[in-house]
Each structure stands twice: as C-alpha cells, then as structure tokens.
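First up is the structure itself, then whatever we jot down about it.
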Amino acid sequence: MVKLTSDLIAKQTPGHNKRRADETVEHYLSRLTHLPFQNRGIDSIDVIPPCRLLTVIYLYDNIINKIENINFAENLTYLYLQNNRIQKLENLDYCSKLQKLYIGGNQIQVLEGLDKCIYLTEIYAENQHLPEGEKLVFEPRTLQCLSNVLEILNVSGNNLDSLVELGCLEKLQELTANNNNLENLRELVQLLSMWPYLKRLDTSRNPMCSKSRYRERLIVVSTTLEMLDGKQITDNSRQFLMSWKASREAQQIREKSKSDLRNNGSDPLSNGDYRRNVFKADVGLIRKSQYPIGVVDNAQQTTAVRKDKHSGFLTSNNFNSTEITNSNHNHTISFHDPTQQAFFK
Numbered sequence: 020m021v022k023l024t025s026d027l028i029a030k031q032t033p034g035h036n037k038r039r040a041d042e043t044v045e046h047y048l049s050r051l052t053h054l055p056f057q058n059r060g061i062d063s064i065d066v067i068p069p070c071r072l073l074t075v076i077y078l079y080d081n082i083i084n085k086i087e088n089i090n091f092a093e094n095l096t097y098l099y100l101q102n103n104r105i106q107k108l109e110n111l112d113y114c115s116k117l118q119k120l121y122i123g124g125n126q127i128q129v130l131e132g133l134d135k136c137i138y139l140t141e142i143y144a145e146n147q148h149l150p151e152g153e154k155l156v157f158e159p160r161t162l163q164c165l166s167n168v169l170e171i172l173n174v175s176g177n178n179l180d181s182l183v184e185l186g187c188l189e190k191l192q193e194l195t196a197n198n199n200n201l202e203n204l205r206e207l208v209q210l211l212s213m214w215p216y217l218k219r220l221d222t223s224r225n226p227m228c229s230k231s232r233y234r235e236r237l238i239v240v241s242t243t244l245e246m247l248d249g250k251q252i253t254d255n256s257r258q259f260l261m262s263w264k265a266s267r268e269a270q271q272i273r274e275k276s277k278s279d280l281r282n283n284g285s286d287p288l289s290n291g292d293y294r295r296n297v298f299k300a301d302v303g304l305i306r307k308s309q310y311p312i313g314v315v316d317n318a319q320q321t322t323a324v325r326k327d328k329h330s331g332f333l334t335s336n337n338f339n340s341t342e343i344t345n346s347n348h349n350h351t352i353s354f355h356d357p358t359q360q361a362f363f364k
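Add 19 to a position in the sequence shown, counting from 1, and you land on the number used in the numbering used here.
In structure tokens, the structure reads:
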C-alpha cells in the first residue's frame, strides 16, 4: 500500500524536474507543473501543500479507490485516473479549471459531481466495471452544467441502452458509445438533430448496427458528421445519399396524392391537382440538382422530358452525374451511374 504524500513527490518525481538538494519541499511543490505517478501502486492521496503551478496529474494504473485531497492543485486542467478502483466521482469541486477528465476502467456507476467544472470539455468514462445488470447513470444536474461546454464524451462499454439523457449536450463534437446495448435507431436519429456540432460518432458494436440502412440514415440526418464508426464520410457519399432521400420524399408525395385520388374515385393521371403536385415535387429536386430517380426505370436509360413553359428549370440547372442535350423540340437527360441504380434496388 502506497500513499501519495508530499515527501514521496519530492523524493521520487521522475524526469528532469527533480528537487534540488538545497530546495525545500514546499518550494519544490510550488514550481511543479506535472505530477507523473502512474503505475506506482498508489491506493490513496494524502493532504498535500498547494501546488499552484500544477496543471497535469497522472495517477492512472494504480489502485486508488477514492478521489480525495485533490484541492492542492487549484489550477489543474488534466486529470488522469483511469484503471483504478474508484467507485464514486467526488471531491472535484475545487478543480474548477479542469478541462480533461480520464476515469475509464474504474467502478463508477454514476457520472456526477462535476457541476463546478465549468470548463470541462472532455470526459473519458469508458469500460466501467459495473455490477451484473447495471449500467452507467448520468446525473441530470451534472449534464445540465456541462451542456454548453462538453465537446468530447466517451461512454463505451457501459451497458447503456439509451442516450436520450445526453440530448442536452449542445456543444458535443465527438461521442464514442460503442459496445453498449443500444437498439433504438430512431432515438439516435432524433438525437442527431440536437447535436448541431457533432463531427465524430462511434456507436459500433451495438444491436442497432444490424438494422437496415443504419449508416445511411445517420449520414442523411446529420450534415455535420465527418466520421461514423471509424469510417470517414466523403462529400460524394453524402451528396448521393441526400439525393436518395430527396427522391424518396418525392416518390412518397406522388404515392400519397395518387392514393388520395383513388380513394375519392378519381383517375390520378387525368387529375390536374395530382399532376401539379408531382410537377412541384420534381421541380424542387431539379432546383437542388437532385432529379427524382422514381421516374427513371433504368439508371442508364435515356428519359425524354417534354419541353414546356417550365423547361427553363432543366436547362438552367447543373445535374450531378447527368448529360443534357438540347434540340428544337425536347430536352434529353441521361443517367450513367450503374452503382446508384444498384443502391436503390
């Protein structure tokens, strides 16, 4: 059993920043900026005189079971406590300048006690050793206090079955929640609209990953995502999926209008309102250079579009993956990407 004391720090601090022979312990502690005592068999922390320049503490890979007496480092910004035996997040009220907290691989059941850490931007709380059937719980007060500052959160391997409590984290840019019990893809889709700055998301090794079009649905919903499950999202893939989404929506408009007319006993093809709705849906896609694939039987087949007073939309827009030729009587649009055709089949 080893206790972290001021004498231990003065005698065994490794590296170039060692205590001089004529230097007092208090003076030595007052000039320390980093405290590297990882993997030393430390089980507790003693009361230590103020270390006002200390900004980084490395205490990972020890056997500490309680966070205590950390107030000696009032300017602490980085705290490494992963792979210990800590059961509760506590006694961090005096670490108001803390920016990064590493607590992975402990026995913490509740993410709490961080409401005073108003500058905390990164939390790594992955792989807690929880009792059978238990999951990591988030204290509402702590989440609310971190809602405008927290940017990176790692909660992988914590038996989570929902992320809905994290919806308040407005500034979230990176979320790692792999290897949990997340099944509700619809919930995640809704949450993505609440994280306008999210760039990286990892929800791999969850049950919902096996659901149809899991990756495609997430990419379409979040326009800010750059990385999903460790794979980069390219501009071309996002543009293609956005076109797919717009085409699906246009097709749904057609089907709904057609169904409504048939229920009323009308012929959709002879109904002016139906034709106008279909035309508006198509024009909306044309303006976005997203011509609806629903009207194309074969992605390599040429589709002739009759020239009328609205044909200006066709000649004035730039179509992706299309070729436009003009004649005196019609405009011809050709699609030449067989990979896109296979995707929609």
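Backbone N, C-alpha and C fix where the C-beta goes; we use that ideal spot for every residue, glycine too.
Buried or exposed by the 16-neighbour rule on C-beta atoms within 10 Å, applied to residue i
i      : result
Asp26  : exposed
Glu170 : buried
Ser209 : The question names Ser, but residue 209 in the sequence shown is Gln. It counts as exposed.
Tyr138 : exposed
Asn40  : Inspection of the sequence shows that residue 40 is occupied by Ala rather than by Asn. Per the 10 Å Cβ criterion, exposed.
Leu78  : buried
Glu145 : buried
Gly124 : buried
Gly313 : Per-residue confidence for Gly313 stands at a pLDDT of 43, beneath the threshold of 50, marking its modelled position as unreliable; the derived number appears in the next sentence. It counts as buried.
Ser241 : buried
Asn173 : buried
Val239 : buried
Ala323 : Because Ala323 carries a pLDDT of 42, less than 50, the predicted location of this residue cannot be relied on, and no value is offered for it.
Asn81  : buried
Ser231 : exposed
Gln309 : Low local confidence applies: a pLDDT of 48 at Gln309 is under 50, so the model's placement there is unreliable, with the coordinate-based value given in what follows. Gln309 should be labelled buried.
Leu48  : buried
Ser262 : buried
Gln251 : exposed
Leu98  : buried
Gln163 : exposed
Thr195 : buried
Thr43  : exposed
Gln101 : buried
Gln31  : exposed
Asn103 : buried
Asn255 : exposed
Asn36  : exposed
Ile225 : Reading off the sequence shown, one finds Asn at residue 225, where the question assumed Ile. Result: buried.
Thr52  : exposed
Ile28  : buried
Supposed contact pair residue j and residue i - C-beta distance, whole angstroms, cut 8 angstroms
i      : j      : result
Thr222 : Leu191 : With 8 angstroms as the limit, Thr222 and Leu191 do not qualify as a contact, their Cβ atoms being about 13 angstroms apart.
Ser374 : Asn198 : Missing from the structure shown is residue 374; the chain here goes from 20 to 364 and no further.
Tyr216 : Thr253 : Tyr216 to Thr253, Cβ: 20 angstroms. No contact.
Asp62  : Asn90  : Actually they do not touch by this definition, with Cβ atoms about 19 angstroms apart.
Leu108 : Ile86  : 7 angstroms
Val21  : Arg71  : Wrong, their Cβ atoms sit about 25 angstroms apart, outside the cutoff.
Leu165 : Leu188 : 7 angstroms
Gly186 : Met213 : 5 angstroms
Gln155 : Leu182 : A small correction: the amino acid at residue 155 is Leu; Gln does not occupy that position in the sequence shown. Not really, about 11 angstroms apart at Cβ, beyond 8 angstroms.
Delimiting residues of the alpha helix (DSSP H) encompassing residue i
i      : result
Leu23  : Unbroken run through Leu23 is the beta strand (DSSP E), Val21 to Leu23; no alpha helix (DSSP H).
Glu235 : Tyr233 to Val240
Per DSSP, cross-strand counterpart(s) of residue i
i      : result
Leu247 : Leu220 and Lys250
Test: residue i CB closer than 8 angstroms to a CB of chain B
i      : result
Lys230 : Given the protein chain composition of this structure (a single chain), no chain B is represented.
Residue i CB to nearest heavy atom of the ligand MN below 7 angstroms
i      : result
Ile238 : You won't find the ligand MN in this model; it holds no ligand whatsoever.
Item to check | Every unbroken alpha helix (DSSP H) inside the region 27 to 109 [4 residues or more] | outcome: Listed in chain order, the alpha helix (DSSP H) runs fully inside the region 27 to 109 are 44 to 49, counting runs of at least 4 residues.
Next on the checklist: Quick check on the DSSP output: what are the complete beta strand (DSSP E) runs of length 3 or more inside the region 115 to 168, in order along the chain?
Outcome noted: Correct list: 119 to 121 and 141 to 143.
Checklist entry - What residue ranges within the region 163 to 221 form continuous alpha helix (DSSP H) runs of no fewer than 4 residues, ordered along the chain? => result Secondary structure remark: continuous alpha helix (DSSP H) runs of at least 4 residues inside the region 163 to 221, in chain order: 204 to 211.
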